[in-house]
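Written below as structure tokens is the structure these notes are about.
There are 2 protein chains.
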Amino acid sequence: MNEIIIELTKNNIKPSIHRIKILEYLRDNRTHPTVDEIYLNLKEGCPTLSRATVYNTLSLFVQSGIVRPLTIEDREIRYDYNTEDHGHFKCEQCGFLSDFEVNVAQLKYEGLEHHEITNKDVYFRGVCNKCLGNKKS
Amino acid sequence: MNEIIIELTKNNIKPSIHRIKILEYLRDNRTHPTVDEIYLNLKEGCPTLSRATVYNTLSLFVQSGIVRPLTIEDREIRYDYNTEDHGHFKCEQCGFLSDFEVNVAQLKYEGLEHHEITNKDVYFRGVCNKCLGNKKS
DNA sequence: TTATAAAATTAGAATTAATCTAAATTGAAA
DNA sequence: TTTCAATTTAGATTAATTCTAATTTTATAA
Ligand SMILES: [Mn+2]
Ligand SMILES: [Mn+2]
Ligand SMILES: [Zn+2]
Ligand SMILES: [Zn+2]
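Line order of the protein sequences matches chains C and E.
So that you can map any letter, position 76 of the first sequence is 76 in the numbering used here, and since no number is skipped, the others follow by simple counting.
Just add 1000 to the spot in the second sequence (first one is 1) and you have the numbering used here.
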């Protein structure tokens, strides 16, 4: 809780109660939750919470670089507290979105001379081991 | 035109006039167009065309693997006729979505043992050279 | 403390990409 | 021609996100 306040303050974000709760939720739930997941879960302990606040707050966090937005889904954005270098795998069967190790920073590329690159994402898709195991072939 | 029909037939897709036009449009416009871009452009030469047909057809193409859907945008899907190994860069300033060279296939990763991977995407974001050049700093 | 201004939050309306639905059209057999 | 499945269609529906304008909270100054 205290670390969350420090992190917000360090990033020039005033640590309001909602901002603390939302960042805390992301820190403690590494499932890459959607806006609605965050909203519905926090609403229980804070019935006055508005969806707009969750949207506003997450935009603020993304701008400050303390959380990362994931656009691997077609329709809705997911949010990741882990901004370290790692890839994301989406199982097309069960929908689960998992992390995997990949060295994106060292990835060699060409054709972006004189571009400023602020963000790199690696998205894989397929079927996870669990879903493959369940399949009676 | 003829090659398009051959490509569709090879993938067990009956080459209806709309399917031909849509695939032709993707082949000739490598700007990663959205559904609406495709729809509005083709509607001129084919006023009866429906949005639903564009959606249906693109889903069909994606399933067959002859076009690739890009989810680099938050809100809408873009489509790429080029299914070869390459990365995508989105300029946050002008919105342009460009290709770049990157060897995704040879990318080393860990943590997806016994997963079936059907698709790999590399998305970079930032500011393109053109936008950087325009900026009077 | 009290007054004032700025920042944060709110509910609900508006927007819009994508999906769904049920009817109409087309095209290939029989 | 008749029949049946595949394709296409317009418009309704869904749902994530954004917008708006009002309200509440917090900070600052007198
Ligand atoms: Mn992650
Ligand atoms: Mn491309
Ligand atoms: Zn799975
Ligand atoms: Zn640009």
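C-beta: ideal position from N, C-alpha, C; glycine also.
Any non-hydrogen atom of ligand 1 within 6 Å of residue i CB
i: C:N82; result: yes
i: C:D28; result: no
Neighbour list for residue i in chain C, Cβ cutoff strictly below 7 Å
i: E:F1096; result: Within 7 Å Cβ-Cβ: nothing; E:F1096 doesn't reach chain C, min ~11 Å.
i: E:E1116; result: G126, V127, L132
i: E:F1089; result: L112, H115
For residue i: DSSP bridge partner residues
i: E:V1122; result: C:V122
i: E:I1109; result: Note that residue 1109 of chain E corresponds to Tyr in the displayed sequence, not to Ile. BP columns for E:Y1109 point to C:V102.
i: E:V1127; result: C:E116
i: E:R1068; result: E:D1080
i: C:C91; result: C:G126
i: E:L1097; result: E:K1090
i: E:T1034; result: E:R1078
Expected contact under 8 Å - CB spacing of residue i and residue j to nearest Å
i: C:I13; j: C:S50; result: Rounded, the Cβ-Cβ distance is 18 Å, inconsistent with contact.
i: E:E1024; j: E:I1004; result: 5 Å
i: C:L97; j: C:I72; result: 7 Å
i: C:N103; j: E:K1108; result: 7 Å
i: E:V1062; j: E:L1026; result: Rounded, the Cβ-Cβ distance is 11 Å, inconsistent with contact.
i: E:E1092; j: E:G1126; result: 7 Å
i: C:D111; j: E:D1099; result: Here residue 111 of chain C is Gly; the residue named in the question, Asp, does not match the sequence. Confirmed, Cβ separation roughly 7 Å.
Best match in the options for proximity to residue i [C-alpha to C-alpha]
i: C:I85; options: C:T118, C:L23, C:Y39, C:R125; result: Ile is not the amino acid found at residue 85 of chain C; the sequence shown has Asp there. The candidate whose alpha carbon is nearest that of C:D85 is C:T118.
i: E:E1101; options: E:V1054, E:H1114, E:D1121; result: E:D1121
i: C:E113; options: E:G1111, E:V1104, E:C1128; result: E:C1128
i: C:A52; options: C:R19, C:V104, C:Y109, C:N103; result: C:R19
i: E:I1017; options: E:G1095, E:R1068, E:F1124, E:K1043; result: E:K1043
i: C:I77; options: C:Q106, C:Y123, C:T34; result: C:T34
i: E:H1032; options: E:A1105, E:K1130, E:F1089; result: E:F1089
i: C:I22; options: C:L58, C:R30, C:N11, C:K10; result: C:L58
i: C:A153; options: E:G1095, E:Y1123, E:G1111; result: Summary: the structure shown does not reach residue 153 of chain C, with chain C confined to residues 1 through 137, and so no result is reported for it.
i: C:D80; options: C:N11, C:L8, C:E7, C:R30; result: C:R30
i: E:P1015; options: E:D1074, E:T1048, E:L1060; result: E:L1060
i: C:C131; options: E:K1010, E:C1131, E:L1132, E:H1115; result: E:H1115
i: E:R1075; options: E:L1008, E:G1095, E:P1047, E:G1087; result: E:G1095
i: C:Y55; options: C:D36, C:P47, C:L70; result: C:D36
Heavy atom of ligand 3 within 6 Å of residue i beta-carbon
i: E:Q1063; result: no
i: C:Q93; result: yes
Chain C contact residues for residue i, given Cβ-Cβ distances below 8 Å
i: E:L1058; result: Near E:L1058 there are no residues of chain C at all, since even the closest Cβ is about 12 Å away, more than 8 Å.
i: E:T1071; result: T71, I72, E73, D74, Y123
i: E:G1045; result: The contacting residues do not exist; E:G1045 stays about 29 Å from chain C at best.
Any non-hydrogen atom of ligand 4 closer than 6 Å to residue i Cβ
i: E:K1130; result: yes
i: E:N1096; result: The displayed chain sequence assigns Phe, not Asn, to residue 1096 of chain E. Checking every heavy atom of ligand 4 against the Cβ of E:F1096, one is found closer than 6 Å.
Contact list for residue i against chain C, beta-carbon separation under 9 Å
i: E:N1103; result: L107, K108, Y109
Partners in chain E for residue i, counting only beta-carbon separations shorter than 7 Å
i: C:F100; result: Y1109, E1110, G1111, L1112
i: C:K120; result: F1124
Any non-hydrogen atom of ligand 2 closer than 6 Å to residue i Cβ
i: E:D1099; result: yes
Within chain E, the residues that residue i reaches when beta carbons sit closer than 8 Å
i: C:I77; result: D1074
i: C:N82; result: Within chain E, no residue comes near C:N82; the closest Cβ sits about 13 Å away, beyond 8 Å.
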